[in-house]
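Worksheet: the structure to be examined is printed underneath.
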Amino acid sequence: MGLQIDIGAIVANWKALAANAPGARAAAVVKADGYGLGADRVAPALYRAGARDFFVALAKEGRALRPHLPDDARINVLSGHMEGQDLTGLVPVLNSPEQFFRDRAMRPGQPFAIQLDSGMNRLGMEAAEWAQVRAEALAARPDFIMSHLACADEPDHPANAAQLAAFRAMTEGCDVPRSLAATGGILLGPDYHFDMVRPGVGLYGGMPFADAQQVVRLSLPVIQTRLVQPDEFVGYGATWTADAPRRIATVAAGYADGILRALSSSGASLYADGVACPIVGRVSMDLITADVTDLAGSPAHLDLICAEQPIDRVADYAGTIGYEILTALRQRYQRTYL
Ligand SMILES: *Cc1c(COP(=O)(O)O)cnc(C)c1O
Numbered sequence: 000m001g002l003q004i005d006i007g008a009i010v011a012n013w014k015a016l017a018a019n020a021p022g023a024r025a026a027a028v029v030k031a032d033g034y035g036l037g038a039d040r041v042a043p044a045l046y047r048a049g050a051r052d053f054f055v056a057l058a059k060e061g062r063a064l065r066p067h068l069p070d071d072a073r074i075n076v077l078s079g080h081m082e083g084q085d086l087t088g089l090v091p092v093l094n095s096p097e098q099f100f101r102d103r104a105m106r107p108g109q110p111f112a113i114q115l116d117s118g119m120n121r122l123g124m125e126a127a128e129w130a131q132v133r134a135e136a137l138a139a140r141p142d143f144i145m146s147h148l149a150c151a152d153e154p155d156h157p158a159n160a161a162q163l164a165a166f167r168a169m170t171e172g173c174d175v176p177r178s179l180a181a182t183g184g185i186l187l188g189p190d191y192h193f194d195m196v197r198p199g200v201g202l203y204g205g206m207p208f209a210d211a212q213q214v215v216r217l218s219l220p221v222i223q224t225r226l227v228q229p230d231e232f233v234g235y236g237a238t239w240t241a242d243a244p245r246r247i248a249t250v251a252a253g254y255a256d257g258i259l260r261a262l263s264s265s266g267a268s269l270y271a272d273g274v275a276c277p278i279v280g281r282v283s284m285d286l287i288t289a290d291v292t293d294l295a296g297s298p299a300h301l302d303l304i305c306a307e308q309p310i311d312r313v314a315d316y317a318g319t320i321g322y323e324i325l326t327a328l329r330q331r332y333q334r335t336y337l
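So, in structure tokens, the structure goes:
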């Protein structure tokens with residue numbers, strides 16, 4: 000019952016992604032609390048498997064993770080050095096000349112890394128900004144220089160090659176380890192691997208890593224089951240009406256638990272030991288209703304995420320991506336780690 004997280008599958012996915020980039024060191028991205036699954040459990044398991052480089056989004060996440068990892072694990076902070084932050088024991092990935100000068104003034108001699116913008120226009124120094132700080136930055140020996148791909152989940156997208164060329168041009172002759180690829184970039188092939196790869200979603204069983212082992216199972220308790228007669232409706236807005244006598248199960252979870260309301264009447268199901276029970280009516284704050292007419296008995300629990308309906312299928316029904324399905328699963332569930 001609750002959220003079941005297969006740590007062994009995460010480790011297997013990390014090893015499989017690392018094997019796809021044999022010339023590079025494999026880091027692990029554990030931002031947003033390990034994509035919602037618990038960075039304090041995921042990161043130490045990957046450390047034991049050999050990972051030494053970890054990425055979080057915020058210094059706050061890095062400080063929370065630091066006590067869970069030995070000192071030789073590097074925790075890189077993607078948002079860099081923002082004003083007033085305590086970066087003790089962390090490695091800020093500096094994203095602008097402003098961050099660079101602030102960090103070097105406040106943390107001289109401490110480790111740092113650099114992010115360059117190769118075309119995504121989200122984070123990192125643009126070519127002109129990099130030119131401004133490059134000599135001083137290289138003299139201070141950054142741990143690595145990185146950039147991030149916008150379209151790596153679409154192998155044929157022309158932005159991939161353009162970003163690769165821009166990254167190469169900006170890092171030519173730097174003699175510092177380089178990193179460009181996240182999960183999607185690893186799968187684009189060796190040109191994209193450089194010295195370190197940064198898989199995130201693929202560790203957790205998400206696309207575009209199609210060969211990923213399934214990591215998450217989300218099992219929800221049934222509160223009650225009722226018979227609904229023809230022409231009776233179910234749920235807010237009366238959006239679903241029975242066409243025949245139907246048995247409806249009500250489970251104790253809803254959009255306050257990160258089960259997106261967009262799953263209402265979307266074709267998504269809850270599963271009872273592999274049997275699909277379509278979600279009927281609207282997903283409400285704490286409750287979901289499903290048609291269990293086809294089941295022999297009354298189930299004690301129903302699965303939203305399982306082998307038959309992995310995160311990316313749930314995401315398709317909700318009109319989003321696996322990343323959002325995962326990170327929406329917040330603290331309310333009882334978690335079991337396998
Ligand atoms: C989130 C993120 C990653 C990991 O991306 P996935 O697509 O989840 O593998 C890597 N690098 C940066 C800069 C990121 O923001």
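Numbering (numbering that gives the first Met the number 0) for the sequence shown: 0 to 337.
All residues carry an ideal CB built from backbone N, CA and C; glycine is no exception.
Only a predicted model underlies this, so the values are computations on that prediction, with no experimental measurement involved.
Review point. So what does DSSP say about ILE304, is it helix, strand or coil?
Key: Shown here, ILE304 sits in a strand according to DSSP, grouped into three states.
Point to revise | Neighbourhood of ALA255 by C-beta distance below 8 Å, restricted to the same chain and skipping five residues each side | key: MET284, ASP285, ARG331
Review point. From what residue to what residue does the beta strand (DSSP E) around GLN114 run?
Key: Here the beta strand (DSSP E) through GLN114 covers 112 to 114.
Check your understanding: What are the boundary residues of the beta strand (DSSP E) that ALA334 is part of?
Key -> In the sequence as presented, Ala is not what sits at residue 334; that position holds Arg. Element bounds for ARG334: 334 to 336.
**Study point:** For LEU93, the three-state DSSP class (helix, strand or coil)
**Key:** In the structure shown, LEU93 sits in a strand (DSSP, three-state: E or B).
**Study point:** Test: SER218 CB closer than 8 Å to a CB of chain D
**Key:** The structure shown contains no chain D; it is built from a single protein chain.
**Study point:** ARG47 to LYS14 span [Cα, whole Å]
**Key:** Rounded to whole angstroms, the separation of the alpha carbons of LYS14 and ARG47 is 12 Å.
Review point. If you scan the region 229 to 311 from start to end, which runs of the beta strand (DSSP E) of 3 or more residues do you find wholly inside it?
Key: 245 to 250, 268 to 271, 274 to 277, 287 to 290, 300 to 304
**Study point:** Cβ shell of GLN228 (< 7 Å), same chain only, five flanking positions each side left out
**Key:** ALA241, PRO244, listed in sequence order.
Practice item. Could you check the C-alpha separation between SER146 and GLU60 for me, to the nearest Å? Key: Counting only the Cα atoms, GLU60 lies some 21 Å from SER146.
Exercise for review: Just the C-alpha distance for GLY273 and ARG312, rounded to the nearest angstrom, thanks.
Suggested key: 15 Å
Review point. Per DSSP, VAL132 forms a beta bridge with which residues?
Key: According to DSSP, VAL132 bridges with nothing at all.
Point to revise | Cα-Cα separation, ALA306 to GLY172 | key: Between ALA306 and GLY172, the C-alpha separation is close to 47 Å.
Point to revise | Validate contact between the region 131 to 145 and the region 97 to 115 using beta carbons, cut 8 Å, 3 pairs | key: yes
Point to revise | Delimiting residues of the alpha helix (DSSP H) encompassing ASP39 | key: Looking at the DSSP string, the run of the alpha helix (DSSP H) that includes ASP39 is 38 to 48.
Exercise for review: Taking only the alpha-carbon atoms, compute the straight-line gap between ARG381 and GLU135 and give it to the nearest angstrom.
Suggested key: No statement about residue 381 is possible, as the shown extent of the chain runs from 0 to 337 and does not include it.
Check your understanding: Under 7 Å from any heavy atom of ligand 3, does the C-beta of THR326 make it?
Key -> Of the ligands one can find in the structure shown, namely ligand 1, none is ligand 3.
**Study point:** N- and C-terminal bounds of the beta strand (DSSP E) containing GLY1
**Key:** 1 to 4
Check your understanding: Hey, would you say the C-beta of LYS30 is under 7 Å away from at least one heavy atom of ligand 1?
Key -> yes
Practice item. Evaluate contact between the region 13 to 28 and the region 196 to 215, counting only Cβ atoms and requiring at least three cross-stretch pairs below 8 Å. Key: yes
Point to revise | Coil, strand or helix - MET119 by DSSP | key: coil
Point to revise | Meets three-Cβ-pair contact criterion under 8 Å: the region 156 to 166 and the region 108 to 120 | key: yes
Review point. Would the beta-carbon of ARG24 be found less than 7 Å away from any heavy atom of ligand 1?
Key: no
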